[in-house]
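Asks: Can you read through this structure? Questions will come right after.
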Amino acid sequence: MRRPVTRAIAAMTAPSPQERDAAAAARGSAAAHAEFMAAWPCLSTVEVAQPPGPARTAEALTVAAWNIERCKNVAASAALIRRAGADVVLATEMDHGMARSGQRHTTRDLAEAMGVGYAFGTEFVELGAGDLRETEVFGDTPNAQGLHGNALLSRWPLREVALIPLDDGGGWFLRAPKNDGQYRVGGRMAMGARIDMGAGPLTLASVHLESESDAAGRQAQIARLLETLDALYGAGPAVVGGDLNTRDLGDAGPAGPEMLPDPAAVEPCFATFAAHGFDWRHANTGATTTRLPPWAPRDRPLRRLDWLFTRGVTAGAPAVVPALSEDGDYLSDHELVSARITP
1 MRRPVTRAIA
11 AMTAPSPQER
21 DAAAAARGSA
31 AAHAEFMAAW
41 PCLSTVEVAQ
51 PPGPARTAEA
61 LTVAAWNIER
71 CKNVAASAAL
81 IRRAGADVVL
91 ATEMDHGMAR
101 SGQRHTTRDL
111 AEAMGVGYAF
121 GTEFVELGAG
131 DLRETEVFGD
141 TPNAQGLHGN
151 ALLSRWPLRE
161 VALIPLDDGG
171 GWFLRAPKND
181 GQYRVGGRMA
191 MGARIDMGAG
201 PLTLASVHLE
211 SESDAAGRQA
221 QIARLLETLD
231 ALYGAGPAVV
241 GGDLNTRDLG
251 DAGPAGPEML
261 PDPAAVEPCF
271 ATFAAHGFDW
281 RHANTGATTT
291 RLPPWAPRDR
301 PLRRLDWLFT
311 RGVTAGAPAV
321 VPALSEDGDY
331 LSDHELVSAR
341 ITP
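Just so you know, we're using full-length UniProt numbering here: the sequence shown kicks off at 1 and counts up by one.
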């Protein structure tokens with residue numbers, strides 16, 4: 001079983017192009033995957049940069065969760081976060097040195113554009129350009145670093161940062177789950193940390209559950225996350241959010257606000273959250289949180305995949321913010337979700 005990663009560094013070290021090529025040639029081998037996981041420092045470290053200026057404690061704050069879909073437009077994404085009034089962002093699908101996102105370290109660049117600190121962890125070392133469309137557009141351009149992961153961005157210093165594995169990894173290396181030739185080294189994970197509030201520490205976690213799973217698999221990943229969070233930080237005040245890939249909520253049961261009281265019958269991970277003292281009813285609207293890319297079929301269903309969960313704090317003013325630039329340009333296939341948090 002993979003263990004939490006807590007070794008913080010100032011700059012992530014990616015495997016060389018030659019190492020990534022060797023991994024691509026070895027895809028399908030569990031033994032090779034284990035060797036890469038053990039040998040590549042980017043999978044056993046977290047990159048942390050604290051916010052500029054003197055350390056402060058938070059009173060009330062707005063927390064957002066956003067799957068930024070590679071963060072291909074840093075400036076417009078930062079502007080949207082500012083418009084949403086977010087003080088903390090639980091960010092997922094962040095690229096570092098990928099051709100599809102301009103080879104940028106998107107977490108670092110987004111944090112600098114917002115004037116905040118960040119913690120970034122590698123979920124996958126990408127062995128190709130990405131999905132079918134990204135491969136078509138960027139497949140002839142080598143990735144500079146080839147890293148993809150999740151992050152926390154915060155106006156307040158991030159303490160006790162940890163990468164929390166949600167599975168044992170290898171699922172995207174032994175096979176391409178989407179049957180699109182997308183191979184990766186690594187496994188699903190969450191980023192955890194604490195910030196100081198006037199009433200005491202607040203635990204934060206940014207999570208991206210496996211997309212090619214089922215409701216039971218999602219529940220198992222959430223159980224592993226929450227047990228690890230409690231072991232690392234205790235069972236105190238916390239906000240957990242991100243892309244839970246709760247696909248079954250779009251296929252059965254009530255829709256919109258009517259489904260908020262009891263979604264556990266369809267997605268049992270909500271029962272696991274409740275068992276750990278978390279609530280979602282006041283931090284979410286129940287509206288759909290996905291957006292159709294311009295190139296997607298118009299009949300593709302919209303879903304409720306992105307959530308915020310709170311424990312030991314008061315949540316209010318939930319919002320779903322369209323993932324569009326000020327000019328109306330597409331930024332992500334997920335909307336930003338946010339809520340106001342008070343002790």
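Glycine residues also receive a C-beta, built at the ideal position from the N, C-alpha and C atoms.
In the DSSP output, what is residue 309 paired with across the bridge?
Replies: 240
Asks: Taking one C-beta from the stretch 234–251 and one from the stretch 307–314 each time, how about it: are there three or more such pairs within less than 8 angstroms?
Replies: Contact holds between the stretch 234–251 and the stretch 307–314, because three or more Cβ pairs, one in each stretch, are under 8 angstroms apart.
Asks: Does any residue of chain D bring its CB to less than 8 angstroms from the CB of residue 102?
Replies: Reference to chain D is not applicable here, since this structure consists of a single protein chain.
Asks: Are there 16 or more other CB atoms within 10 angstroms of the CB of residue 333, so buried, or fewer, so exposed?
Replies: buried
Asks: Where residue 315 and residue 339 are concerned, what is the direct C-alpha to C-alpha distance, given to the nearest angstrom?
Replies: 6 angstroms
Asks: Buried or exposed: where does residue 178 fall if 16 or more other Cβ atoms within 10 Å of its Cβ makes it buried?
Replies: exposed
Asks: Just to confirm my understanding: we take residue 3, look at its own chain, exclude 5 residues before and 5 after, and list those with CB closer than 8 angstroms. What are they?
Replies: 165
Asks: With respect to the alpha helix (DSSP H) encompassing residue 12, which residues constitute its N-terminal and C-terminal limits?
Replies: For residue 12, no alpha helix (DSSP H) run applies, since DSSP gives it neither H nor E.
Asks: If you check the beta carbons only, do residue 64 and residue 89 fall under 8 angstroms apart?
Replies: yes
Asks: Quick one: is residue 193 buried, meaning 16 or more other Cβ sit within 10 Å of its Cβ, or exposed?
Replies: buried
Asks: Check whether the Cβ atoms of residue 249 and residue 304 lie closer than 8 angstroms to each other.
Replies: The answer is yes: Cβ separation under 8 angstroms.
Asks: Using the beta-carbon count (16 or more within 10 Å), is residue 211 buried or exposed?
Replies: exposed
Asks: Who are the near neighbours of residue 141 in its chain, counting only those whose CB is closer than 6 angstroms to its CB and skipping five residues on each side?
Replies: 99
Asks: Does DSSP put residue 77 in a helix, in a strand, or in coil?
Replies: helix
Asks: Based on Cα-Cα distance, which residue from 19, 322 and 265 lies nearest to residue 39?
Replies: 19
Asks: Would you mind working out which of 324, 188 and 294 sits nearest residue 133, comparing C-alpha positions?
Replies: 294
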